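S.K.:
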Amino acid sequence: MTPEALAGAGPQAARGAEAPGTGTPAAEAPRGRRGRAAWVSLAGAVLILGLKFSAYLATGSVGFLSDAAESLVNLVAAVVLLVALGVSVAPPDYRHPYGHAKAEYLSSVLEAALIIVAAGVIAWSAVGRLLAPEALTNVALGVGVSVLAAVLNGLLAVYLFSVARKERSDALAANARHILTDVYTSLGVVVGVLLVALTGWQPLDPLVALVVAANIVVVGVRVMRQALSRLLDERLPEREEAKILAVLEADPRVLGFHRLRTRRSGHASFAEVDVFVDPKLTVKEAHDLVGRVEDAIHAELEDLVTTIHVEPFVQGVRDRTLTPKEEFKEEVENG
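Residue numbers (my numbering): 1 to 335.
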């Protein structure tokens, strides 16, 4: 938040503006938790990649190879995540007054791209094996190692989801979703390899790998869509905006409001709104009113940084019951 904005906003806005940076204990703690989670993700990716590649070497299964390829993507994604989290917690500077939290979304976009590339490599290998089938070896050993890797991956995903929810980290959440998909992939490949061993039908192995590739593409597209939405400043969910509107509606001194704009950047959220007040209020009275309104909003949404612009109320200028969606529709219709 700029100095000018802080000067015109209430006391809670000034406190909330510190959220994206790292200058306060409240910001230092999340940075430590997110950093530890990123390092755990990296260590887990190295271990699981080694296990899955061992399963491929033991059996020669292209299904296990596809599973290992996805874990290689997990490893690269973990490195990218570690770098992105380091950048995202850097405090605001002159050129980046709102902080660097969007670096998390860039890492999610890159991870999604890597997921899709991995799917292409898997599909290519699977088609090659369909054209030239090979018998599998050491199936029991490969299955055992792959199941162990899946269990470890599942535990890692649960841990990352837990940290992501507490810290509102989209990058950690994207990484956890990718790892959870990897668990399903591993189990599907294990089933496919066991069926090949039981039936002797070799084409089943590459067919399972193709199914894995298709599933990976779906996950990659989903992760990229969410990250791009955040990069393009998609507004907050309606349930969160409803809490802001409820505070404004509940205060009798707020005679009207419009132009609510919200967005999320990393673990912090931002909201801007124009409120109508009695034109007879002094500057100090209006300033104090805004401060109390911001305190009430912050009590509902702790990580929200608010900027409230005060306008003198004119009878009939705005229907205060208009929701942001209705207001946007009205603006479009009126040109």
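Ideal Cβ positions, reconstructed from N, Cα and C, are used throughout, including at glycine.
Keep in mind that this is a model prediction, so the values were computed, not measured.
Just checking my contact of T185 with L136 at CB under 8 angstroms: how many whole Å lie between their CB atoms?
M.R.: With 8 angstroms as the limit, T185 and L136 do not qualify as a contact, their Cβ atoms being about 18 angstroms apart.
S.K.: If you compare alpha carbons, which of L207, R177 and A140 is closest to L198?
M.R.: Answer by Cα proximity: A140.
S.K.: Check whether the Cβ atoms of I308 and V273 sit closer than 7 angstroms, and answer yes or no.
M.R.: Yes, the Cβ-Cβ distance between I308 and V273 is below 7 angstroms.
S.K.: Taking the alpha-carbon positions, what's the D170 to K52 distance?
M.R.: Taking the straight line from one Cα to the other gives about 27 angstroms.
S.K.: Counting C-beta neighbours from all protein chains within 10 Å, is the total for H96 16 or more, i.e. buried, or is it exposed?
M.R.: Result: exposed.
S.K.: As a quick exercise: from L49, G99, A78 and A119, pick the residue whose alpha carbon is nearest that of S146.
M.R.: For S146, the nearest C-alpha among the options comes from L49.
S.K.: Which same chain residues, not among the five before or five after A296, have their C-beta less than 6 angstroms away from its C-beta?
M.R.: Within the same chain, A296 has close Cβ partners V247.
S.K.: Does the structure place the region 107-122 close enough to the region 206-225 that three or more beta carbon pairs sit under 8 angstroms?
M.R.: With the cut-off at 8 angstroms, the region 206-225 and the region 107-122 touch.
S.K.: Check this for me: beta carbons of L304 and A250, under 7 angstroms apart or not?
M.R.: For L304 and A250, no; Cβs fall outside 7 angstroms.
S.K.: Hey, R34 and V163 are a contact pair by Cβ (cut 8 angstroms); roughly how many whole angstroms apart?
M.R.: 7 angstroms between Cβ atoms; contact.
S.K.: Quick one: Cα of L57 to Cα of L42, how far?
M.R.: Taking the straight line joining both Cα atoms gives about 23 angstroms.
S.K.: Where do the ends of the beta strand (DSSP E) carrying S61 lie?
M.R.: It is not in any beta strand (DSSP E) - S61 carries neither H nor E in the DSSP assignment.
S.K.: Measure the alpha-carbon distance for Y94 versus S88 and round it to whole angstroms.
M.R.: Each residue's alpha carbon lies about 15 angstroms from the other.
S.K.: Is it true that the CB of A37 sits closer than 7 angstroms to the CB of L180?
M.R.: Not a contact, by the Cβ cut-off of 7 angstroms.
S.K.: Tell me which residues share the same chain as G142 and place their Cβ nearer than 7 angstroms to its Cβ, disregarding the 5 neighbours each side in the sequence.
M.R.: Here the set comprises A55, A58, T59, S61, F64 and V193.
S.K.: If I'm right that L260 touches E241 with Cβ under 8 angstroms, what's the distance once you round it to whole angstroms?
M.R.: About 7 angstroms; that satisfies the 8 angstroms criterion.
S.K.: In whole angstroms, what is the alpha-carbon distance linking L187 and D67?
M.R.: Spanning the two alpha carbons is a distance of roughly 10 angstroms.
S.K.: To which residues does DSSP link I308 through a beta bridge?
M.R.: Bridge partners of I308: V273.
S.K.: Find out if the Cβ-Cβ distance for the pair L204, L210 is shorter than 7 angstroms.
M.R.: The answer is no: Cβ separation not under 7 angstroms.
S.K.: Where do the N-terminal and C-terminal ends of the beta strand (DSSP E) with F257 fall, by residue?
M.R.: Unbroken beta strand (DSSP E) run through F257: G256 to S265.
S.K.: Grouping DSSP H, G and I as helix and E and B as strand, with all else coil, what is A370?
M.R.: No answer is possible for residue 370: it lies beyond the span of the chain, which begins at 1 and ends at 335.
S.K.: Give me, in chain order, the residues of the same chain whose beta-carbon lies closer than 7 angstroms to that of A149; leave out the 5 immediate sequence neighbours on both sides.
M.R.: Once the five neighbours on either side are set aside, the close Cβ partners of A149 are I48, L51, K52 and S186.
S.K.: Within the same chain, show all residues whose beta-carbon is closer than 6 angstroms to that of G220, passing over the 5 residues directly before and after it, in chain order.
M.R.: Excluding residues within five positions, the ones whose Cβ falls inside 6 angstroms are A112, I115 and I116.
S.K.: What span of residues does the alpha helix (DSSP H) with Y98 cover, start to end?
M.R.: Counting along the chain, Y98 falls outside any alpha helix (DSSP H), and DSSP gives it neither H nor E.
S.K.: Is E104 near A84, with beta carbons less than 7 angstroms apart?
M.R.: Yes, Cβ-Cβ distance for E104 and A84 is below 7 angstroms.
S.K.: Can you tell which of V109, L81 and A299 has the C-alpha that lies nearest to the C-alpha of I244?
M.R.: Among V109, L81 and A299, the Cα nearest to that of I244 belongs to A299.
S.K.: Tell me the DSSP secondary structure of A140 in three-state form.
M.R.: Helix.
S.K.: Could you tell me the distance, in whole angstroms, from the CA atom of K280 to the CA atom of V314?
M.R.: Looking at the two C-alpha atoms, the distance is approximately 12 angstroms.
S.K.: Using CA atoms only, rank isn't needed, just tell me which of H100, V121 and P312 is closest to E70.
M.R.: When each option's Cα is compared against that of E70, the closest is V121.
S.K.: Whole angstroms is fine: what's the gap from V218's alpha carbon to L228's?
M.R.: Distance between the alpha carbons of V218 and L228: 16 angstroms.
S.K.: Whose CA, out of A268, D288 and R292, lies closest to the CA of R337?
M.R.: With the chain represented from 1 up to 335, any question about residue 337 goes unanswered, as that position is not in the structure.
S.K.: Along the alpha helix (DSSP H) that carries V189, what are the first and last residues, could you check?
M.R.: Where V189 is concerned, the enclosing alpha helix (DSSP H) stretches over D170 to T199.
S.K.: Within the same chain, show all residues whose beta-carbon is closer than 6 angstroms to that of Q202, passing over the 5 residues directly before and after it, in chain order.
M.R.: Within the same chain, Q202 has close Cβ partners P133.
S.K.: Here's a check: name, in chain order, each residue in its chain whose Cβ is nearer than 8 angstroms to the Cβ of N138, leaving out the five neighbours to either side.
M.R.: For N138, where only same-chain residues beyond five positions count, the Cβ hits under 8 angstroms are A58 and T59.
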